[in-house]
Amino acid sequence: MSPDAPLLQVADLDVHYGSRRSRTQALHGASLDVFRGETVGIIGETGSGKSTLARAAVGLISVSGGSVTIGGEVVTGFSDRKWRDFRRRGVVQLVFQDPLRSLDPDNTIGASLAEPLILQGRASRSEIADVIRTHLARVRLDEDVLDRLPGELSGGQRQRVAVARALVTGPELVILDEPVSALDSANRVQVLEILADLRASGVALVFISHDLGSVAGITDRVAVLYQGSVVEVDVTDAIVNRPQHDYTRLLVGSAPTLATGSLDRARRDELRSLVGAP
Amino acid sequence: MADDDIVLSLRDVTITNTADGAHLVRGVDLTLRRGAVLGIVGESGSGKTLTCRAVLGILPPRFEVSGGEIDLLGEDVAGLSARDWQRLRGTEITAVFQDPASYLNPSIRVGKQIAEVVRVKKRVSRKAAQAEALALLDAVRLRNPARVYDQYPHELSGGMLQRVLIATAVALDPQILIADEATTALDVTVQAEILDLLLELKERTGLSLIVVSHDLAVVAQLCDEVLVMRGGEIVERGRTDDILFDPQHEYTRLLIDEHNRYGLDRFLTLGTVPDEMKELTGVA
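Residue numbers (the numbering used here), protein chains in the order written: chain C, 1 to 278; chain B, 1001 to 1284.
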């Protein structure tokens, strides 16, 4: 793989849900490149296909068209076995909105964090302990959480554990699906600060959210997903301040801000009719 | 002396949980004028929803207005019987809340539910009520009113359901509408649609609005005047611009600061906004 090729390349991806009789298309030719060390936000509202895109990228759901390439390797069409081997290498990791669903409720935090490393079977027990300690510090958790169960932690602590678990294998890419949406504002800040640290450390991040405000502060570029397609990708400042696509304009113009004062309803109505909002 | 222009006034209102004697709302004063939009901002536990429920005569069991006075359209609500409330609620004062689905019957088509309200309260024929329900679904800007009329609640999106609830709320031409976290659960573009709709209804019908939210920005965009509530009391009140640009209370400052830190505000480069964006966002 050449050094300037994208780390993650999603090309013309189609995903359908449902049986043959009632099929709905969740992704329509969605395309996105993520380069090494870059942080890309994916912004979309309910039904835009953002979670589908994340899951399809790591092989959790099957695609009906297009391709996904990770680190130069075309992963679309992988058998289950190949996916298992690929995931075990830990090149790409996924963090969900609700960490209770990604952490085994009966496993201690320590066991959950060790598991990806044990599966790789390369590190000794003391090496694993070192890696876990390092990553707990990265997500600003004390070591006394190691003996606790997920249910004994707060939502913010659990999400930080989920991030640490995604990091222990030293991934090149971490995809985060609404990582701060379920958190209150204090915990949201803390997780956003941790993600900002991660971004500075050089790991590539894909940060999926419905909220442009949370994403804007820590991303290099933002992709706007609408009705299953990426309608605009640009550097974050351009998306916020010089949006080109009508839907992006509507999205930015709909965000409640303190600075904007009274809303320009007429302009929004016009944009709604242009994008065909339901 | 009665001021005809005032549709609702609260004077020194205290709301008490009679089970433990806790005063959950203390000394609340507010005045709502005809055609005005009043905002109430506060987090959960601030007393904003209890205040609204007292105004609507729907306090939870064991809660009571233990002090002060609520004057609704010239009547002191303390003297209202259950029958009086039936005459006022829905007809003169009404509300929409965060979770629209829970206010609709899941097994009855939505159009029929609105028509039934119109038929019973306005004492019109079934046919006239149906026509009116259809007109209401059109008035809340549902794209295909005739289709929505025949749909069940579970077939509609959150934004569509909230439009249906608003249609039901304004069916009897009320004078006051309370929107309590009515857009909290919605996507940002849908939230803006609903807020735009409320303003449009206000302008068209002269409705007086109370908009309640935990989000200062939502309230600020809609309201002429804002009350900030915390721990059962109003900690700050004033014209929206004064509250936003010259907040006096530290809690109000905290709310603004939170927005500046996590909202979109800090990324909008207001000084260098191109003309088109100015036009779009209303930035002067």
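Quick reminder that beta carbons are idealized off the backbone N, C-alpha and C, glycines included.
Computed from a predicted structure; not experimentally measured.
Check                                                                                                                                                                                          : Outcome
Indicate whether the contact test is met: 3 or more Cβ pairs, each with one atom in the region 1175 to 1192 of chain B and one in the region 1114 to 1133 of chain B, closer than 8 Å.         : no
Output yes if chain C places a C-beta closer than 8 Å to the C-beta of tyrosine 1262 of chain B; else output no.                                                                               : yes
Near arginine 158 of chain C, which residues of its chain fall below 7 Å by C-beta distance, leaving aside the five closest residues on each side in sequence?                                 : Pro99, Leu100, Leu103, Pro150
Name the DSSP bridge partner or partners of tyrosine 17 of chain C?                                                                                                                            : C:Thr24
Indicate whether valine 40 of chain C and valine 206 of chain C have their beta-carbon atoms separated by less than 8 Å.                                                                       : yes
In or out: alanine 186 of chain C buried (at least 16 other Cβ within 10 Å) or exposed?                                                                                                        : exposed
What is the DSSP secondary structure of arginine 1237 of chain B, counted as helix, strand or coil?                                                                                            : strand
DSSP state of isoleucine 189 of chain C, grouped into three classes?                                                                                                                           : As written in the sequence, residue 189 of chain C is valine, which differs from the isoleucine given in the question. Three-state result, valine 189 of chain C: helix.
Can you pull the chain B residues whose beta carbon is under 8 Å from the beta carbon of glutamate 45 of chain C, in chain order?                                                              : Asp1187, Val1188, Thr1189, Val1190
Leaving out five residues on either side along the sequence, give the residues of the same chain with a beta carbon under 7 Å from the beta carbon of glycine 1282 of chain B.                 : Only weak support is given to the placement of glycine 1282 of chain B: the predicted model assigns it a pLDDT of 46, under 50, and the value that follows is read from those uncertain coordinates. Hits under 7 Å: none found.
Run down chain C in chain order and give the residues with a C-beta less than 7 Å from the C-beta of leucine 1268 of chain B.                                                                  : Val240, Asn241, Thr257, Ala259
Helix, strand or coil, according to DSSP, for glutamine 93 of chain C in the structure here?                                                                                                   : strand
Would valine 230 of chain C and valine 224 of chain C qualify as a contact pair, given that the criterion is a beta-carbon distance under 8 Å?                                                 : yes
To the nearest angstrom, report how far apart alanine 114 of chain C and arginine 81 of chain C are at their CA atoms.                                                                         : 22 Å
Taking Cβ positions, are valine 1025 of chain B and glycine 1057 of chain B nearer each other than 8 Å?                                                                                        : no
Report the residue from B:Phe1245, B:Gly1039, B:Thr1018, B:Arg1011 whose alpha carbon sits nearest the alpha carbon of valine 1228 of chain B.                                                 : B:Gly1039
Skipping 5 residues on each side, what residues in its chain have a beta carbon closer than 7 Å to that of serine 262 of chain C?                                                              : Low local confidence applies: a pLDDT of 44 at serine 262 of chain C is under 50, so the model's placement there is unreliable, and no value is given.
Taking all protein chains shown into account, do 16 or more other C-beta atoms lie within 10 angstroms of the C-beta of proline 243 of chain C, making it buried, or fewer, making it exposed? : buried
Residues of chain C with CB closer than 7 Å to the CB of alanine 1220 of chain B, please, in chain order.                                                                                      : Leu258
Taking the DSSP output, what are the residues bridged to glutamine 157 of chain C?                                                                                                             : Note: glutamine 157 of chain C sits in no beta bridge, so no partner.
Counting C-beta neighbours from all protein chains within 10 Å, is the total for threonine 1018 of chain B 16 or more, i.e. buried, or is it exposed?                                          : exposed
Check for me: the alpha helix (DSSP H) holding aspartate 1114 of chain B runs from which residue to which?                                                                                     : Checking the displayed sequence, the identity of residue 1114 of chain B turns out to be isoleucine instead of aspartate. Taken as a continuous stretch (DSSP letters only), the alpha helix (DSSP H) holding isoleucine 1114 of chain B covers 1110 to 1122.
Following the continuous alpha helix (DSSP H) through threonine 1094 of chain B, name the residue where it begins and the one where it ends.                                                   : No alpha helix (DSSP H) holds threonine 1094 of chain B; the beta strand (DSSP E) holding it covers 1093 to 1096.
Using 8 Å as the limit for Cβ to Cβ distance, is leucine 27 of chain C near chain B?                                                                                                           : no
Put phenylalanine 1245 of chain B into one of helix, strand or coil per three-state DSSP.                                                                                                      : helix
Could you list which residues in chain B have their beta carbon closer than 9 Å to that of alanine 223 of chain C, in chain order?                                                             : The contacting residues do not exist; alanine 223 of chain C stays about 16 Å from chain B at best.
Closer than 8 Å by C-beta to glycine 121 of chain C: which residues in its own chain qualify, once you throw out the five before and the five after it? Chain order, please.                   : none
For glutamate 1155 of chain B, decide whether its Cβ has a neighbour in chain C, counting only Cβ atoms nearer than 8 Å.                                                                       : no
So the beta strand (DSSP E) alanine 1022 of chain B belongs to, where does it begin and stop?                                                                                                  : 1022 to 1033
Taking the Cβ atom as the reference point for each residue, do leucine 1156 of chain B and proline 1145 of chain B lie within a distance shorter than 8 Å?                                     : no
In angstroms with no decimal places, state the Cα-to-Cα distance between aspartate 184 of chain C and leucine 212 of chain C.                                                                  : 17 Å
Buried or exposed for tyrosine 17 of chain C, going by 16 or more other Cβ atoms inside 10 Å?                                                                                                  : exposed
In angstroms with no decimal places, state the Cα-to-Cα distance between arginine 130 of chain C and glycine 217 of chain C.                                                                   : A quick correction: the sequence has aspartate, not arginine, at residue 130 of chain C. Taking the straight line joining both Cα atoms gives about 31 Å.
Among B:Ala1217, B:Gly1206, B:Arg1119, whose alpha-carbon lies nearest the alpha-carbon of aspartate 1173 of chain B?                                                                          : B:Gly1206
Mark leucine 1073 of chain B as exposed unless 16 or more other C-beta atoms lie within 10 angstroms of its C-beta, in which case mark it buried.                                              : exposed
Cβ atoms of glycine 228 of chain C and alanine 30 of chain C: under 8 Å apart, would you say?                                                                                                  : yes
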